[in-house]
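Using the numbering used here, you'd call the opening residue of the sequence shown number 50 and step up by one each time.
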Amino acid sequence: MAKIGRLSEFDVSHPERWESYVSRMENYFKANQVREDSLKAATLLCVCGQDAFEIAENLAAPVPVESVSYADLKKLLKEHFHPKVSVISWRHTFEQRDQRSGETAKEYIAALRKAAKPCEFKDLEERLRDRFVCGLRHRELQQRLFAKEELSFQDALREVTAEEAAGGAIKKHAADQKQCRGCVRAPGRRPTKLRGGSGRGSRPSTPREGREPEGKLFGST
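Dropping the structure here:
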């Protein structure tokens, strides 16, 4: 039976991605019905890459790394790549996270949810709402939200995304109008170039003032 999915090496230069890497591996085991602990441990050691393997060897010493259980391997590597930081420190980072230039409301919320994961908030929705509103770059909209007596996290998100959509539509309309004005020319014929002239400063050819058209004189028959 063909295997589902593919496991890549772990990039030790990005230790913060370890938990995500393990999560992918757990899903791989589930999709391929890998249940034996020894097989899971062997798979982890085979696919994690040379750098991660050597780290696992050093952490397991003096015990041979091959004899360490899958659960213990995960624990050793997690403590190495993702050492526990105090909740206060994580919450400080969360409270400092403001909306960045060019960042949409939905992107900002996604970043806040990620920053809130290790904070162990008991009232997550309320903390997300407060940080979301306080960190907005749009000061006028922020003041309007401050003025509301009742404001849920979802209400704040809806109002900000609606404001963004309206602002985007207005900018697009203004750009379309500007482009349209640049394409429209005043009606009228292009001037005809005088024969023998250089073309510079030419105007439509008309009879000279005080003279009659050639070949047609008053009184002629």
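Think of the CB as a built atom: it goes at the ideal place given N, C-alpha and C, for glycine as much as any other residue.
Looking at C-alpha atoms only, which residue of A154, L56, K123 and I104 is the closest neighbour of L190?
Taking the sequence shown and counting its residues from 1, one reaches residue 190 at position 141. Out of A154, L56, K123 and I104, A154 has the C-alpha closest to the C-alpha of L190.
Is the number of C-beta pairs between the segment 116–131 and the segment 52–69 that are closer than 8 angstroms three or more?
yes
Just verifying my parser: in three-state terms, what is the DSSP assignment at E65?
As a first step, residue 65 is located in the sequence shown; it is residue number 16 there, counting from the start. It is helical.
Ends of the alpha helix (DSSP H) at Q192?
Looking up residue 192 in the sequence shown gives position 143. Looking at the DSSP string, the run of the alpha helix (DSSP H) that includes Q192 is R188 to F195.
Close-in-space but distant-in-sequence residues of the same chain around E198 (CB under 6 angstroms, 5 per side omitted)
Locating residue 198 in the sequence shown gives position 149, where the first residue counts as 1. Around E198: no qualifying Cβ.
With H, G and I counted as helix, E and B as strand and the rest as coil, what does DSSP make of A101?
Counting from one through the sequence shown, the residue named residue 101 turns up at place 52. A101 falls in the helix class under three-state DSSP.
Tell whether a beta-carbon distance below 7 angstroms holds between Q145 and Y157.
As a first step, residue 145 must be located in the sequence shown, where it is residue number 96. As a first step, residue 157 must be located in the sequence shown, where it is residue number 108. In this structure, Y157 does not lie closer than 7 angstroms to Q145 by Cβ.
V182 burial status per 10 Å Cβ neighbour count (16 or more: buried):
What you label residue 182 is simply residue 133 of the sequence shown in a count that begins at 1. Answer is buried; the Cβ neighbour count reaches 16.
Using a 10 Å radius around the Cβ and a threshold of 16 neighbouring Cβ atoms, would you call L88 buried or exposed?
The residue labelled residue 88 in the question sits at position 39 within the sequence shown. For L88, the number of other beta carbons within 10 angstroms of its own is below 16, and it is reported as exposed.
Taking only three categories from DSSP, how would you classify T129?
By one-based count along the sequence shown, residue 129 stands at place 80. Note on residue identity: the sequence assigns His, not Thr, to residue 129. Of the three classes helix, strand and coil, the one that applies to H129 here is helix, per DSSP.
Should V209 go down as buried or exposed, given a rule of 16 or more other Cβ atoms within 10 Å for buried?
The residue labelled residue 209 in the question sits at position 160 within the sequence shown. V209 is classed as buried because its beta carbon has at least 16 other beta carbons within 10 Å across all chains shown.
Which residues in the same chain as L80 place their Cβ atom closer than 8 angstroms to its Cβ, once the five residues preceding and following it in sequence are excluded?
Counting from 1 along the sequence shown, the entry for residue 80 is found at position 31. In the sequence under discussion, the amino acid at residue 80 is Ala, which differs from the Leu named in the question. Contacts found: I53 and G54.
Does S118 come out as helix, strand or coil in the three-state DSSP assignment?
Here the question's residue 118 lines up with position 69 in the sequence shown. It is coil, neither helix nor strand.
Exposure of C97, with buried meaning 16 or more beta-carbon neighbours within 10 Å:
Taking the sequence shown and counting its residues from 1, the one referred to as residue 97 is at position 48. Classification of C97: buried, given that the 10 Å Cβ count is 16 or more.
For R188, does the count of other Cβ atoms within 10 angstroms reach 16, so buried, or fall short, so exposed?
On the sequence shown, residue 188 is found 139 positions in, with the first residue counted as 1. It counts as exposed.
Taking the alpha carbon of I137 as the point to measure from, which residue in K124, V117, A160 and A165 has its own alpha carbon closest?
Position 88 of the sequence shown, counted from the start, is the residue given in the question as residue 137. Among K124, V117, A160 and A165, the Cα nearest to that of I137 is on A165.
CA-CA distance, P75 and E85?
For the purposes of this step, residue 75 is taken as the residue at position 26 of the sequence shown. For the purposes of this step, residue 85 is taken as the residue at position 36 of the sequence shown. In the sequence as displayed, the identity of residue 75 is Glu instead of Pro. About 12 angstroms.
Assuming contact is defined by CB atoms lying nearer than 7 angstroms, are L161 and L177 in contact in what I supplied?
What you label residue 161 is simply residue 112 of the sequence shown in a count that begins at 1. What you label residue 177 is simply residue 128 of the sequence shown in a count that begins at 1. Against a cut-off of 7 angstroms, the Cβ pair of L177 and L161 comes out as a contact.
So which of K127, F102, L93 and S118 has the shortest CA-CA distance to P64?
Reading the sequence shown from its first residue, position 15 is the one you call residue 64. Considering only alpha carbons, the answer is K127.
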